[in-house]
Each structure stands twice: as C-alpha cells, then as structure tokens.
Amino acid sequence: MDDDVAFITRLIGFGLSEKEARTYLHLLKYGPKTPSPLAKSLNTYREDVHRTLTSLIDKGMVHPSLDSPTIYAAVDLDIALESALQKQQSELREMEERKRELQELSKQQRFRPSDEVSTFKIIKSLKELVAVSMPLIDSMQEEWLVAAPAYLTVVASLFGVNDAAHEFIKRGGKVRSIIDISYQVIEPVREMIAIGEEVRHIDEHGIMFVVFDRKTCISAINAEVNRISLSAPVSELWTDDPAYAQYLASTFEMLWNQAIDAEERIQQLLKEGPPEA
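Here is the structure:
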C-alpha cells in the first residue's frame, strides 16, 4: 500500500479531515511553507489552504511564524499524535465513568421488565455508537452482520471494535461485512479479514446498518462524518425490535449475494494504483 495513503488514512483516524491530513503530511515531508506555494503543491486554492491551516493550528498540529508573509510549519509528529491520543483516551475514560455511574444507579432502581416491548433510541455520535455496540458484540452468540461505509473500517480498527469482533469469532461466532472498499481503507479491511471476518464489496452502496444475532440492530439515519473522531456527530437508530432486525438481515443477504470478494476488490484497486491528490 502506498506509504502516503496509509499515513493519511491513519491521520484521519486521529480526527483529521482528508484535507488536514494531506496538508500536515506535506509540511512534514517538505518543510515549512507560506500559503501560496502550499496551495500550488496541493493543487487547491489559497483560501482553502488558509482554512485548513487555521483548523490544524486549533488542533495543535501546525504552528505559524511571526514573519510576513506567515510561514507554517508542522508540529513534531510524536507531540501532535500524543496530544490527539490523550484527547481520545480522555473521551473513552469519560464513557467508562458514565457506564459505571449508570450501573450503580440501576442497582438502586426497581425497573419493570420490558422483554415484550420493543425499544427505540437515537445514537448521536461516534462515541455513543461505539459505546452501544461494544456490549452487544460481547454478548452475541451466533452472527454479526455489518453493512458499512468505508470510514467505519477505520473506526473499528482504532477504537477496539475489531478486538471485540476477534474475541467473538474465537468464541465460535461468525462476522460478515459488506464494505464500499476504497484504496484508502485497504489496510483496515485486511485487518478485518486477518481476524477471521468474511468481507465483501459493493460500489457506493450508501447504506449503514448492523444486526446483532438477528435480534438487535442499528441503522443509519445519517452516517456521514467529516472527520473520524469519537465526538463526530451521526444519526443512527438503535432498536431491539426483532421484526426490524429480521428485515435488515434479509436486506443484508440480498446485498451479500450481489457483492464481490474483498480481496478481489483490493487487487483491482492495487492494479489501478492510488487516486490522484
């Protein structure tokens, strides 16, 4: 896999947009620059570069000089990544703390059983999506069905979802995934295959849903994100309605029969080479 593409993919996983990742990598490789030559090198507009640089400064990834015109330099990679990692770890610790608080509160309540009543709720962020999914994966017994856009392969790799899926597979479970595989996600898709998932590809299927043991499911109302971070907003519907889960499972089987093997798609992408910047 092209080194630049792999590097950009991982930067996106640390919460950068694709433009931010390409700009930061360029400054790392070629040194400090003013906006005009930087825009020329990246084949974009000066105003677009200014917006991207401002965002990178806010993230602590780039620092400006006091010269005129201003020269922009990339912050040392280790320092920049450590800052991003600490932010993600802080968010995960916050999730764990909220989980413990809810568990303690539940012990003090007398909840009425609701086994015969279907529940629906809206998931509003990637952080919440991961938090809701992990216990479901841990409790699964038979099969996990996933139809997802490409960026969720990076989410699965970065935030422990693949580790949980691997443990499920080792317990005898089965995972099947349909992904719109692009060049940028070859590495995370191969990680999924390596842990024992069955993966297939469909071009731009534009859907996102997951089904847990054909009983509980999550489907997208709006799953588009501008950058990958736990705070990124999404709009997903969670339900334990078995009828809806069965409907999505049937939809999955139809798509699965139309899809091609992931490795076949990867070989096509490698033959075509990386997309132009």
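Per numbering that gives the first Met the number 0, the sequence shown starts with residue 0, numbered consecutively. Note that CB positions come from ideal geometry on N, CA and C, so glycine has one too. Owing to the predicted nature of the structure, the values given are computational and were not obtained by experimental measurement.
Task: Inter-stretch contact (C-beta, 8 Å, three-pair minimum) for the region 140-156 and the region 210-220 - done: Output reads yes: the region 210-220 touches the region 140-156.
Residue burial classification, F208 (beta-carbon count within 10 angstroms, cutoff 16)
Here the question's residue 208 lines up with position 209 in the sequence shown. F208 should be labelled buried.
Exercise. What does a CB cutoff of less than 6 Å around T22 pick up in its chain, not counting 5 residues either side in sequence?
Worked result: Counting from one through the sequence shown, the residue named residue 22 turns up at place 23. The answer, listed in chain order, is T51.
#### Entry: Cβ-Cβ distance between T215 and V184 below 8 Å
In the sequence shown, residue 215 corresponds to position 216, counting from 1. In the sequence shown, residue 184 corresponds to position 185, counting from 1. Not a contact, by the Cβ cut-off of 8 Å.
The beta strand (DSSP E) with A258 in it runs from where to where? Walking along the sequence shown from the start, residue 258 turns up at place 259. A258 -> no beta strand (DSSP E), and no H or E assigned at all.
When we look at the beta-carbon of N161 and count the other beta-carbons within 10 Å, is it buried (16 or more) or exposed? Here the question's residue 161 lines up with position 162 in the sequence shown. When all chains shown are included, N161 counts as buried.
> Using the beta-carbon count (16 or more within 10 Å), is I7 buried or exposed?
Replying inline: Within the sequence shown, the letter at position 8 stands for residue 7. Flag for I7 reads buried.
**Prompt:** CB-CB under 7 Å to S82, same chain, minus the five flanking residues each way: which ones, in chain order?
**Reply:** In the sequence shown, counting from the first residue as 1, residue 82 sits at position 83. Cβ neighbours of S82 beyond the five flanking positions: G59.
(request) Give the DSSP bridge partners of A146, in chain order. (result) What you label residue 146 is simply residue 147 of the sequence shown in a count that begins at 1. DSSP, once it has assigned bridges, lists I177, F208 as partnering A146.
For the alpha helix (DSSP H) containing E166, name the first residue and the last one. Translated into the one-based positions of the sequence shown, residue 166 becomes position 167. Note, E166: alpha helix (DSSP H), 160-169.
>> Rounding to the nearest angstrom, what Cα-Cα distance links S124 and S89 in this structure?
In response: As a first step, residue 124 must be located in the sequence shown, where it is residue number 125. As a first step, residue 89 must be located in the sequence shown, where it is residue number 90. Distance between the alpha carbons of S124 and S89: 16 Å.
Worksheet item: Looking at the structure shown, is M0 part of a helix, part of a strand, or coil, going by DSSP?
Response: Translated into positions along the sequence shown, residue 0 becomes position 1. Residue confidence for M0 is low, a pLDDT of 46 falling below 50, so the modelled location carries little weight; the figure read from the coordinates is stated next. Three-state DSSP puts M0 in coil, outside helix and strand.
Quiz item: Whose CA, out of L135, R99, I259, lies closest to the CA of S176?
Solution: In the sequence shown, the residue the question calls residue 176 occupies position 177. The candidate whose alpha carbon is nearest that of S176 is I259.
query = What's the gap between the Cα of D212 and the Cα of Y182?
reply = Sequence index remark: in the sequence shown, residue 212 carries index 213 (1-based). Sequence index remark: in the sequence shown, residue 182 carries index 183 (1-based). Spanning the two alpha carbons is a distance of roughly 31 Å.
Beta-carbon gap between E186 and A5 smaller than 8 Å: Walking along the sequence shown from the start, residue 186 turns up at place 187. Walking along the sequence shown from the start, residue 5 turns up at place 6. Taking 8 Å as the Cβ cut-off, E186 and A5 qualify as a contacting pair.
Classification of L128 by the beta-carbon crowding that lies within 10 angstroms, buried from 16 upward
Position 129 of the sequence shown holds residue 128. By the neighbour-count rule (16 or more Cβ atoms within 10 Å), L128 is buried.
- Query: Alpha carbon to alpha carbon, what distance is there between N256 and I265?
  - Reply: Residue mapping note: residue 265 aligns to position 266 of the sequence shown, counting from 1. Residue mapping note: residue 256 aligns to position 257 of the sequence shown, counting from 1. Going by C-alpha positions, I265 is about 18 Å away from N256.
DSSP state of E262, grouped into three classes? The sequence position of residue 262 within the sequence shown is 263, counting from 1. Looking at E262 - three-state DSSP - the assignment turns out to be helix.
Q) Quick one: what's got a C-beta closer than 7 Å to A277's C-beta in the same chain, skipping five residues either side? A) Here the chain comprises residues numbered 0 to 276, so residue 277 is not present and cannot be evaluated.
I need the DSSP call for R199, collapsed to helix, strand or coil.
Taking the sequence shown and counting its residues from 1, the one referred to as residue 199 is at position 200. DSSP places R199 in strand when its eight states are reduced to three.
**Message:** Considering only their Cβ atoms, is the gap separating F158 from L236 smaller than 8 Å?
**Reply:** To locate residue 236, count along the sequence shown from 1; it is residue 237. To locate residue 158, count along the sequence shown from 1; it is residue 159. Contact: no.
Item to check | Uninterrupted alpha helix (DSSP H) stretches inside the region 216-253 (no shorter than 4 residues) | outcome: None, since the region 216-253 contains no complete alpha helix (DSSP H) of that length.
task: Give the straight-line distance between the Cα atoms of A79 and I194, rounded to the nearest whole angstrom.
output: Looking up residue 79 in the sequence shown gives position 80. Looking up residue 194 in the sequence shown gives position 195. Near 30 Å, if we compare the C-alpha coordinates of I194 and A79.
**Asked** Thinking just about the alpha-carbon of each residue, which of A155, F167, A130 is nearest to the one in D137?
**Response** As a position in the sequence shown, residue 137 is number 138, starting the count at 1. Answer by Cα proximity: F167.
Mapping the DSSP letters down to three states, classify S64 as helix, strand or coil. Numbered from 1 along the sequence shown, position 65 holds the residue referred to as residue 64. Three-state DSSP puts S64 in coil, outside helix and strand.
Exercise. First and last residue of the beta strand (DSSP E) that includes S124?
Worked result: Taking the sequence shown and counting its residues from 1, one reaches residue 124 at position 125. Note, S124: beta strand (DSSP E), 119-124.
Notebook entry, point to check: So, helix, strand or coil for K58, using DSSP?
Noted result: Here the question's residue 58 lines up with position 59 in the sequence shown. DSSP places K58 in the coil class of the three-state scheme, outside both helix and strand.
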